Amino acid sequence: MYPRAFHYHRASSLREATEMLSQLGEEAKLLAGGQSLIPLMKLRFANPAHLVDLNFIQGISYIKQENGAIHIGPLTRHAEIQDSAAAAKITILHDCAAGIADVQVRNRGTIGGSLAEADPSGDWATVLMTLTTDVHCFDGKRKRSIPLRDFVKDAYTTALSHDELVSEISIQLPPKGSGGAYIAFKRAAPVYPTASAAVQLTVEGDTCKEASIALGCVGLTPVRPSEAESALRGQRLSEKTIAAAAEAARTACDPQSDMRGSAEYKREVVGALVKRAVEAAVRRARGEQVEVSHLYA
Amino acid sequence: MPENGKVAVRVKVNSKEYSREVEPRLLLVEFLREDLELCGTHIGCDTTYCGACTVLFNGAAVKSCTMFAVQADGAEITTVEGLERNGELHPIQKAFADCHGLQCGYCTPGMMLSALQLLSRVKNPDEKQIRRAIAGNTCRCTGYQNIFKAIEAAAESLGGSHQGG
C-alpha cells in the first residue's frame with residue numbers, strides 16, 4: 009500500500025519545523041513516530057502534500073525530573089518512557105507506556121505525537137488527564153503552556169494552531185499517599201483498546217482524600233466521570249464505595265457500538281475496569297508494589 | 014531534494030552500506046525488498062498489526078511497513094539475511110529449526126528479529142518477557158508454543174554472550 013506522493017522535509021530544530029509548517033501551509037503535516045499517521049496515509053485517509061519529519065531533531069527525546077514535575081520531550085518514544093526510572097516515579101505513566109500496542113510500535117510511537125493526534129482511543133491523553141499535565145506549545149515565536157484538559161478539544165482536534173507544535177509535556181508529581189493505575193481491555197496487543205480506565209487516588213488511612221478518573225475509547229475525548237470521582241472523594245474506601253464509583257463511571261461514559269463491541273458491552277467493561285483500577289490504585293497509594301497489566305479478550 | 018522529487022538515502026543494512034535515491038512515499042519494507050532485493054523481510058497485513066515486516070532499526074525492533082525509507086537515512090538495519098554468520102545459522106535461527114518454531118515460515122523472519130531485540134537486552138528472559146516481546150508478531154500456524162520454546166532454547170545457547178543486534 010502506498011500513500012499519495014508527498015514532499016519530504018527534514019527539520020533540524022523545532023523552530024525550523026514551525027517555519028516549515030508556516031511556509032508550506034495547511035497541506036503540511038508533522039511526522040513524529042508515524043505509527044498512526046503512516047497507516048492513515050497508506051489507507052489514504054490522510055493525504056498531506058508535505059511531511060515535516062521531526063525524527064532528525066537532536067535533544068527532543070528526554071525524561072527528566074525538575075521542580076516537582078516530570079518533563080518529557082515531544083519525540084520521546086513510548087519504549088523510552090517504559091524504561092525510564094524518572095517516569096516510573098508516577099506508576100501510571102509506566103502502566104501506560106508499557107501497555108501501548110507492542111514492542112515495535114512502542115519503539116517508534118511518541119508521546120507528543122499521541123497527544124497532538126488526539127485519537128479518542130489513544131492512551132496518553134486518558135492517563136495524563138488524571139494528573140496535573142501541561143502541554144507546552146511553540147509556534148516559532150511564542151511559547152504557551154496549556155492544561156491538558158483544554159488542549160484536547162474534540163476527537164482528532166487540539167488547541168494547536170497550524171504552525172504550532174508540542175514542545176514538551178510536564179506532569180506534576182502526585183502528593184505523598186497518592187497512587188494510580190491504568191488498565192485497558194484489548195482484543196490483542198497491536199490494536200487500540202476496547203475501553204480503558206485511568207485512576208489516580210490520594211489515600212489517608214481508610215479514606216480517599218482525592219480521586220481523579222478518566223475513561224478512554226468511550227467518548228470523543230477522554231471522559232471524566234465526575235460522579236464516580238465524588239463517589240470516592242472524602243469517603244471511606246470499601247467494596248460499596250468502589251462499586252458505586254464503578255457504577256457511576258459506567259453511566260457517565262458515552263461509547264459507540266463498533267467492531268470492538270456494542271455500546272452496552274463497553275459500558276460493562278468500563279465498570280469492571282474502574283473497579284480493578286481503583287483497587288490497584290488504593291494498594292499502590294499504600295505503598296504496595298502492584299503490577300498492573302492490560303486485559304485481553 | 015533532487016529535481017525528480019526523490020531523496021538521497023544512505024543506509025547500512027546487515028553491515029553493508031547502500032546509497033539510493035527514493036521517492037519519499039516509499040515504505041522501508043518495499044525499499045528493502047524491491048530496491049535492495051532483500052526479500053527475507055515479509056509483508057503480511059501491511060497495517061502495522063502482524064509484525065511479519067519486523068526489522069531492527071538501530072537495534073530496536075520496528076515494523077518496516079510503518080516507516081518511510083527516507084527515515085532510515087544514516088541508520089543501521091538488521092534483516093533476517095543479516096542473522097547468519099559465515100554460512101552458520103544464528104543461534105536463534107537454529108533454535109527455531111530445532112524446536113519446530115515454524116510451519117509455513119511466513120512470520121518467522123519477523124519473529125526472529127523480535128527475539129533478537131529481546132535477547133540482546135535480556136539474557137535469560139522468563140516466559141512472560143518472551144510473550145510480551147512477540148506480542149506484536151502474529152503466527153497463524155504454530156499456536157506459539159514452539160516459538161516460546163525456540164526463544165528459550167536460543168537464550169540458553171547464546172548463554173549470555175551478546176551477539177547480533
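Residue numbers (my numbering), protein chains in the order written: chain U, 9 to 305; chain G, 14 to 178.
We put the CB at the ideal spot given by N, CA and C, even for glycine.
The model shown is predicted, which means the values in this text are computed figures rather than measured ones.
CA-CA distance, residue 153 of chain G and residue 62 of chain G? 13 Å
Counting only beta-carbon separations shorter than 8 Å, does residue 16 of chain U have a partner in chain G? yes
Would you please verify whether the beta carbon of residue 116 of chain U is less than 8 Å from any beta carbon of chain G? yes
Is there at least one Cβ from chain G nearer than 8 Å to residue 214 of chain U's Cβ? no
Please report the straight-line C-alpha distance between residue 78 of chain G and residue 10 of chain U, rounded to a whole angstrom. 10 Å
Integer Cβ distance of residue 307 of chain U from residue 216 of chain U, believed to fall under 8 Å: Because chain U is modelled from 9 through 305, residue 307 of chain U falls outside the range shown and cannot be assessed.
Validate contact between the segment 179-187 of chain U and the segment 90-103 of chain U using beta carbons, cut 8 Å, 3 pairs: yes
Tell me the DSSP secondary structure of residue 120 of chain G in three-state form. coil
Chain C partners of residue 80 of chain G, CB-CB under 8 Å? No chain C is part of this structure, whose protein chains are labelled U and G.
According to DSSP, is residue 187 of chain U part of a helix, a strand, or is it coil? strand
Bridge partners for residue 144 of chain U per DSSP, in chain order? U:153, U:176
Kindly indicate which three-state DSSP category residue 284 of chain U falls into: helix, strand or coil? helix
Helix, strand or coil at residue 136 of chain G [DSSP, three-state]: coil
Residue 127 of chain G versus chain U: which residues are under 8 Å apart at the beta carbon? 111, 112
Exposure label - residue 156 of chain G; buried when at least 16 CB within 10 Å: exposed
List the DSSP bridge partners of residue 220 of chain U. U:208
Residues bridged to residue 48 of chain G [DSSP beta-bridge criterion]: Answer by DSSP bridge pairing: none, since residue 48 of chain G is not bridged.
Applying the criterion that 16 or more other CB atoms from any shown protein chain within 10 Å of the CB defines a buried residue, is residue 87 of chain G buried or exposed? exposed
Helix, strand or coil for residue 51 of chain U, going by three-state DSSP, please let me know. coil
Within 8 Å of any Cβ in chain G, is that where the Cβ of residue 198 of chain U sits? yes
Is it buried or exposed for residue 330 of chain U, if we count other Cβ within 10 angstroms and need 16 for buried? Summary: the structure shown does not reach residue 330 of chain U, with chain U confined to residues 9 through 305, and so no result is reported for it.
Applying the 10 Å Cβ sphere with the 16-neighbour rule, what's the burial state of residue 22 of chain U? buried
Can you check DSSP and say which residues form a bridge with residue 31 of chain G? G:24
Short CB-CB distance (under 8 Å) between residue 166 of chain G and chain U: no
For residue 245 of chain U versus residue 266 of chain U, is the C-beta distance shorter than 8 Å? no
Applying the criterion that 16 or more other CB atoms from any shown protein chain within 10 Å of the CB defines a buried residue, is residue 92 of chain G buried or exposed? buried
Are there 16 or more other CB atoms within 10 angstroms of the CB of residue 170 of chain U, so buried, or fewer, so exposed? exposed
Count the other CB atoms, across all protein chains shown, that sit within 10 Å of the CB of residue 145 of chain U; report buried if there are 16 or more and exposed otherwise. buried
Counting only Cβ pairs nearer than 8 Å, list the residues of chain G close to residue 13 of chain U. 18, 36, 37, 38
What in chain G is Cβ-close to residue 63 of chain U, meaning under 9 Å? 84
Can you find a CB in chain G that lies within less than 8 Å of the CB of residue 164 of chain U? no
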